[in-house]
Structures are given as structure tokens and as C-alpha cells.
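Taking the numbering used here, I'd label the letters of the sequence shown as residues 4 to 317.
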Amino acid sequence: MKIRVLGSAAGGGFPQWNCNCHNCAGVRDGTVRARPRTQSSIAVTSGPVENYEAIDHAAPWALINASPDVLFQLRDSPALQPAQQIRDTGIAGIVLIDGQIDHTTGLYMLREATRPWQLWCTESVYADLTRRNPILDVLSHYCGIDHRPLPLGEEFRIEALPALRWRALPVASKPPPYSPNRAAPLAGDNIGLVMTDQRTGSKAFYAPGLAAIDEPAWQAMRSADCVLVDGTFWSDDEMIHLGLSSQRARDIGHLAQSGEGGMLEWLERLPASTRKILIHVNNTNPILDEDSPQRAELTRRGIEVAWDGMEIEP
Ligand code: MLT
Ligand code: MN
Ligand code: ZN
Numbered sequence: 004m005k006i007r008v009l010g011s012a013a014g015g016g017f018p019q020w021n022c023n024c025h026n027c028a029g030v031r032d033g034t035v036r037a038r039p040r041t042q043s044s045i046a047v048t049s050g051p052v053e054n055y056e057a058i059d060h061a062a063p064w065a066l067i068n069a070s071p072d073v074l075f076q077l078r079d080s081p082a083l084q085p086a087q088q089i090r091d092t093g094i095a096g097i098v099l100i101d102g103q104i105d106h107t108t109g110l111y112m113l114r115e116a117t118r119p120w121q122l123w124c125t126e127s128v129y130a131d132l133t134r135r136n137p138i139l140d141v142l143s144h145y146c147g148i149d150h151r152p153l154p155l156g157e158e159f160r161i162e163a164l165p166a167l168r169w170r171a172l173p174v175a176s177k178p179p180p181y182s183p184n185r186a187a188p189l190a191g192d193n194i195g196l197v198m199t200d201q202r203t204g205s206k207a208f209y210a211p212g213l214a215a216i217d218e219p220a221w222q223a224m225r226s227a228d229c230v231l232v233d234g235t236f237w238s239d240d241e242m243i244h245l246g247l248s249s250q251r252a253r254d255i256g257h258l259a260q261s262g263e264g265g266m267l268e269w270l271e272r273l274p275a276s277t278r279k280i281l282i283h284v285n286n287t288n289p290i291l292d293e294d295s296p297q298r299a300e301l302t303r304r305g306i307e308v309a310w311d312g313m314e315i316e317p
């Protein structure tokens, strides 16, 4: 299995268009050493498949989340454009881990597809994307959607990627602000994905939104060779401290890295052999600054920060 990080930032990207925090201003004027990053998405492949849709040796990919920046991400990812036909794409299916704006708006940008998108999402995400924010209904006037219900806890498959097995785990986080479930999330509003390569046995766990780590999420993290987990905020009061919001990280569905019970403590308890990667990083997070003490602490602990274009083979 190969994972390509298409977008490693949280909603807003980095730098965020209207933000003049230390990181955003600094990356703009070159005084902070950091990579710009686009909004949250990864692509996953298990490699070339013979006779896939009559295209030999093209590697089909699953797109996990459709970022508003997807067009730039695809432009920067030639492997996702096999160029075998006048209209072509390497994306064989799309999986949504929630209904957040940063994970779904890119569906609009993919409306020129020549057939309906095979799209996996949970029942509650489907409800949000057909009622309060009816992207999927709007798309029926363009390429259309071939909706595949995403079963909670059970295994599912994406036909074009026969070597991979997928499992969706309900996780503690937050549905989008427009969702009727925002104040009282339902199981399935947010999921983590366990991806297993049947040929090699390797496993990856992807969960860019984790407000807390419950027992099933912890089991998934412990059994994975590589975890790509919520890297949104360094501290729980990061946005409050900067005067940017009145809400704590945990109030909007994200477990901060520092502090008691924070992500760093959890990652510390994983086996030394587990590859530990923070993803979905908010532009305010000091770990984006490659010269920050917080980034040095991650390096000391063997924790990586995802970047756009990063490729991982768990
Ligand atoms: C979040 O995960 O909280 C977001 O990045 C929200 C957003 O898309 O603005
Ligand atoms: Mn997000
Ligand atoms: Zn900023």
C-alpha cells in the first residue's frame, strides 16, 4: 500500500488567506521556515492492477476526503493522472471521513467526471450532504454519485483496489457546524479508517479528527504499522490564546498534542516501531515552524509532521 498525502493542513490551509498569526505572516514573508500546506486529504493505492477498467498497469487510487484544494493537489500528483484516455483519472473511488467543509467541498471541483463517483460515507454524513449541505444532490446535475453505504466497524472493499481491506471506526470528534448533530454527535459523524494491505499484512490508521482516544481507536492505533492522526492543535487553548476563537480544541473535535492526556502522551505509548505522523495541522500550530521548540520536541520523540506530497509505504 502506498499513501500519498495530498493536503496536510486543517481547514483554511497554511497560510490561511486572512490570517496574520506568527506562522501565516512568517511563511508569507519568509521569516518563518515552514512549508505551505493545502487542506486535508490523502490518496491510497495498492499498486497497479491488471485490466482495471481496460487500462493495463495503471494504479487506481482511493481519494480519502475531497479537499477544496483538490485541483492543485492533483496537478502536483502526476501518478493520479494515468492519461490513457481523453478524459481520465487515477481516482477509482472516494471515501469521506466526515462532512466537514475541508473534506467535502472538493467534490464540486470533481464534477466533470465521466461517470458517477463511487462514494463511501456513513449514513449520518450522507444525511448532512443531502440535507443541510446538499452537495450530493447538486452533483446529481453533473457527474452524479454512486453512493456506497459505509458500515461502522465492519470491513468494506473498494472493488478497484482488491488488495486493500478497509474498516471504518466511529471516533470521538465533531460533525461540521452546519450539522444538526454538532452539539450531540452521532456514531458515524466522524470516522477513523483502518487500511490493511492483504498481501503484505501492513496496516495504517488515518484519523485527522480525534477529540479523544477511546478503546477501539487505541486498539486501531496499537495494531497499525503507521498512524496518521489528528495534528490540528499544539495546545487546547491555542485559538483562545491568539484571540482567534472562544473555543478550545476539544470543543471543536480535536485533541491537542501537549498537556496531560494529550496526543504526545498517547503516541509515547505506541511501540517504537510504529511510524507516528501528525496530519491535519492548523495554521496556528507551532509545529509547522521547523525551527520551533515544539517541532524539536516532536523530532526528539520520533514523531513526523505530514507535508503535501509526502509518500508513505506502511
Ligand atoms: C475542523 O476539522 O475542525 C476543520 O478543519 C473545520 C473546517 O473545515 O473549517
Ligand atoms: Mn478539518
Ligand atoms: Zn494563521
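Backbone N, C-alpha and C fix where the C-beta goes; we use that ideal spot for every residue, glycine too.
Coil, strand or helix - residue i by DSSP
i      : result
Pro145 : Residue 145 is actually Tyr in this sequence, not Pro. Here Tyr145 sits in coil by DSSP.
Pro39  : coil
Leu291 : helix
Pro179 : coil
Leu270 : helix
Ile243 : helix
Glu300 : helix
Ile315 : strand
Ala57  : Note that Ala57 scores a pLDDT of 48, beneath 50, so its modelled location is shaky; the value from the coordinates is reported in the next line. Coil at Ala57, not helix or strand.
Whole-number beta carbon distance between residue j and residue i, since they are thought to touch under 8 Å
i      : j      : result
Glu307 : Lys279 : 7 Å
Pro173 : Gly191 : 6 Å
Pro317 : Ser182 : At roughly 31 Å, the Cβ-Cβ gap does not stay under 8 Å, so Pro317 and Ser182 are not in contact.
Arg251 : Asp240 : 6 Å
Asp233 : Leu247 : The pair is not a contact, with the Cβ atoms about 19 Å apart (cut-off 8 Å).
Ile6   : Ala65  : Contact flag wrong, Cβ pair sits at about 10 Å.
Ala3   : Ser43  : Given that the chain is displayed from residue 4 to residue 317, the structure contains no residue 3 and the question cannot be resolved.
Val128 : Gly102 : 4 Å
Ile282 : Trp237 : With 8 Å as the limit, Ile282 and Trp237 do not qualify as a contact, their Cβ atoms being about 14 Å apart.
Ala95  : Ala82  : With 8 Å as the limit, Ala95 and Ala82 do not qualify as a contact, their Cβ atoms being about 13 Å apart.
Arg168 : Trp123 : Not confirmed; about 13 Å, so no contact.
Glu293 : Arg36  : 5 Å
Pro18  : Arg38  : With a Cβ gap of about 11 Å, Pro18 and Arg38 do not count as contacting.
Status (buried if at least 16 other CB within 10 Å, exposed otherwise) for residue i
i      : result
Ala210 : buried
Thr203 : exposed
Ile89  : exposed
Ser80  : buried
Asn68  : buried
Pro137 : exposed
Asn23  : exposed
Ser226 : exposed
Gln222 : exposed
Pro274 : exposed
Asn286 : buried
Ser357 : With the chain covering 4 to 317 only, the question about residue 357 has no answer from this structure.
Pro165 : exposed
Trp20  : exposed
Ser11  : buried
His257 : buried
Thr302 : exposed
Arg170 : buried
Pro51  : exposed
Beta-bridge partners of residue i, as assigned by DSSP
i      : result
Gly195 : Leu172
Asp233 : Ile282
Ser44  : Gly10
His150 : Leu122
Val98  : Ile67 and Trp123
Tyr209 : Leu196 and Leu231
Ile216 : Ile216 is not bridged to any residue.
Val308 : Leu281
Leu155 : Ala171
Ile161 : Answer by DSSP bridge pairing: none, since Ile161 is not bridged.
Phe17  : Arg40
Neighbour flag for residue i against chain B, beta carbons, 8 Å
i      : result
Pro188 : No chain B appears in this structure, which consists of one protein chain only.
Cβ-heavy atom distance, residue i to the ligand NAD, below 7 Å
i     : result
Ile45 : No copy of the ligand NAD appears in this structure; the ligands present are the ligand MLT, the ligand MN and the ligand ZN.
In chain order, what are the residues with a CB under 7 Å from some non-hydrogen atom of the ligand MN?
Neighbourhood of the ligand MN, defined by CB distance below 7 Å to any of its heavy atoms: Ala13, Gly14, Ser43, Gln103, Asp105, His106, Pro211, Gly212 and His283, in chain order.
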